[in-house]
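Protein chains: 2
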Amino acid sequence: MRDFSLNHECLSINTATVRKSNGMDLPLPKIIEACVERGIGAISPWRDQVTAAGLSVVSKLVKSHGLKLSGYCRGGMFPAVDSQATQAAELDNRMAVDEACELNAQCLVLVVGGLPGALDGKAAHKDIARSRHQVHDGIAQLLSYAKSCHMPLAIEPLHPMYAADRACINTLEQALDVCDALDPDQSGALGVAVDVYHVWWDPKLQQQIERAGKSRLLAFHVCDWLTPTTDMLNDRGMMGDGVIDIPKIRGWVEAQGFSGFSEVEIFSTGNWWQRDHSHVLDTCIARHKSFV
Amino acid sequence: MRDFSLNHECLSINTATVRKSNGMDLPLPKIIEACVERGIGAISPWRDQVTAAGLSVVSKLVKSHGLKLSGYCRGGMFPAVDSQATQAAELDNRMAVDEACELNAQCLVLVVGGLPGALDGKAAHKDIARSRHQVHDGIAQLLSYAKSCHMPLAIEPLHPMYAADRACINTLEQALDVCDALDPDQSGALGVAVDVYHVWWDPKLQQQIERAGKSRLLAFHVCDWLTPTTDMLNDRGMMGDGVIDIPKIRGWVEAQGFSGFSEVEIFSTGNWWQRDHSHVLDTCIARHKSFV
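Respectively, the protein sequence lines represent chains A and B. Letter by letter, the first sequence follows residues 15 to 306 in my numbering. Letter by letter, the second sequence follows residues 15 to 306 in my numbering.
Following this line, the structure appears as structure tokens:
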């Protein structure tokens, strides 16, 4: 297992972590600048942040600073109510692949979607099996495009509490079943993003990480689970402030040969997004050394 | 599959559902009275409510009205930091078995506990595997006592969002693994409580319900999953107000021969606990007929 206490060369910052500084929106170029200043060598930006700053601007910044992208957030949201919506999702996902390519991301992260409409509080139906079929079909179709662009797709199983509105792939086992069905040769074109927040509770986690193996482990995300958690989306904890034994999970992932970045992804309306981003990034570096 | 539209003879009210009426505590005898008035033939009371009213008082009420108990809530909370705390949990769980016997409950529901201290925001450790071992051992020990009293134990897998603070058994598969280990003969002494709120998201739900079979299916709880869910504990929905396809899951359970009650268990600080319990119970009856 790698020794993270020495430096932070394996640290990546998911840019949602410093989406806000002192409660105010922080533009992506400012985030990049602050990361570069601290010798942080990798980021994982969100599409809305890239769009706001301009893809070509971000691409130039990333290249001029020699930044790596541990991933690009995000494609997915496959389930749809009709063929028009399905087609719109397809097009949008191809654009996400294109952007990921332009930024030379290591993978495009897929948050696959749940029941259509549920995110707006109006689920179109209650048939989660139907959504899961649509996700399967959507990934299958996107995969052929992504393969032609040499952009790996990383299915991110989301915590079961997001099954209705964000992602109906909720365990690593389920994600790997999709990988096995669509990429039986383990070509590296399709794999998983393991985010400790989503999977730490899973009694089959170690077993399924071993099943995934190096070829399927495309990304590793960290933060912490707070007790109590006061908001289901935006109350993630800084590593060390919660109950997840992150080094244990990292050990399992690295035992499979994973040698990528540890990407810090924290959504925190009430705490970290209220603080100055300099402090947040410095804390990420410190906690990466001691709690990841 | 049974036709629930005809009457509500298969309805049970978990008394937490009307724990409060118009925001005020409603004592268990009042709850029982209101259920009896409506021809509700079964309840599932909580220990704190029974203690507040007095076990013998409740026992007499239950018997004089011919009420059945679809379950008794609850035993469990096995993980502990030291042998003293372990012993205290043991004694308390035996008392819960005794009370369940006195009330002639069909099973004692087990919410097994998570990381000790996490419920108070101060987890004593991060080793969920250790907690799971303690749960296994705790159930094993309680089972021999419960068997001697002929009181079935129903392990309730709780939603993974409660893994840290309430229960580290989080899927039906995991609960059944414990059942298979501790009661390989499927004697009926150990089984599961299937609460749709906790398990609806599980891609292996149908498969594991089939695995459980009649002998392990000791209780069936219903409510609904709201989008959005604004509180992780106390924002459960009334059947029909959320995204769970309850009849589908009931169909799977009944296909195994389950013929017990559908127990309505709703924790709802902001909505149902603010309403008059008469209205809540009438709504439970109506929704039981149309959405369960």
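Where is the CB? At the ideal position from N, CA and C, for every residue including glycine.
query: Beta-carbon proximity check, aspartate 259 of chain B vs lysine 140 of chain A, cutoff 8 angstroms; result: yes
query: Strand pairing of tryptophan 60 of chain B, partner residues [DSSP]; result: B:Cys87
query: Methionine 109 of chain A in three-state terms, based on DSSP; result: helix
query: Selected residue, minimal CA-CA separation from valine 206 of chain B, among B:Asp216, B:Asn248, B:Leu167; result: B:Leu167
query: Alanine 329 of chain A vs glycine 128 of chain A beta-carbon contact at 8 angstroms; result: The question about residue 329 of chain A has no answer here: the residues shown for chain A are numbered 15 through 306.
query: Member of A:Ile46, A:Phe234, A:Glu279 whose CA lies at the smallest distance from the CA of isoleucine 169 of chain A; result: A:Phe234
query: 7 angstroms Cβ cut-off: residues of chain A touching aspartate 141 of chain B; result: Asp259
query: Members of the stretch 241–269 of chain B near chain A, C-beta cut-off 7 angstroms; result: Thr241, Pro242, Thr243, Met246, Val257, Ile258, Asp259
query: Local Cβ density within 10 Å of valine 95 of chain B, reported as buried at 16 or more and exposed below that; result: exposed
query: Proximity of alanine 137 of chain A and threonine 243 of chain B at Cβ, strictly below 8 angstroms; result: no
query: Pick from B:Asp249, B:Tyr176, B:Asn107 that is closest to serine 158 of chain B, judged by C-alpha positions; result: B:Asn107
query: Distance, arginine 301 of chain B Cα to isoleucine 46 of chain B Cα; result: 20 angstroms
query: Any alpha helix (DSSP H) of 4 or more consecutive residues that is wholly inside the stretch 154–210 of chain A; result: 186–196
query: Contact the stretch 97–104 of chain B vs the stretch 213–222 of chain A: 3+ CB pairs below 8 angstroms; result: no
query: CB contact below 8 angstroms: methionine 175 of chain B versus chain A; result: yes
query: N-terminal and C-terminal residue of the alpha helix (DSSP H) that histidine 79 of chain B is part of; result: 69–79
query: Listed by chain order, chain B residues near glutamine 188 of chain A by CB distance under 7 angstroms; result: Pro217
query: For glutamate 23 of chain A: DSSP bridge partner residues; result: BP columns for glutamate 23 of chain A are empty, so no partner.
query: The stretch 18–29 of chain B touching the stretch 281–299 of chain A, judged by at least three CB pairs closer than 8 angstroms; result: no
query: Pairwise C-alpha distance: tryptophan 239 of chain B and glycine 251 of chain B; result: 6 angstroms
query: Methionine 175 of chain A beta carbon less than 8 angstroms from that of histidine 173 of chain B; result: yes
query: Span of the alpha helix (DSSP H), counted from its first residue to its last, around leucine 117 of chain B; result: Segment: none, leucine 117 of chain B is in no alpha helix (DSSP H) and carries neither H nor E.
query: Check whether proline 261 of chain A and histidine 212 of chain A have beta carbons under 8 angstroms apart; result: no
query: Leucine 196 of chain B CB to nearest heavy atom of the ligand FAD below 7 angstroms; result: Absence of the ligand FAD from the depicted structure is noted, as is the absence of any ligand whatsoever, leaving it without description.
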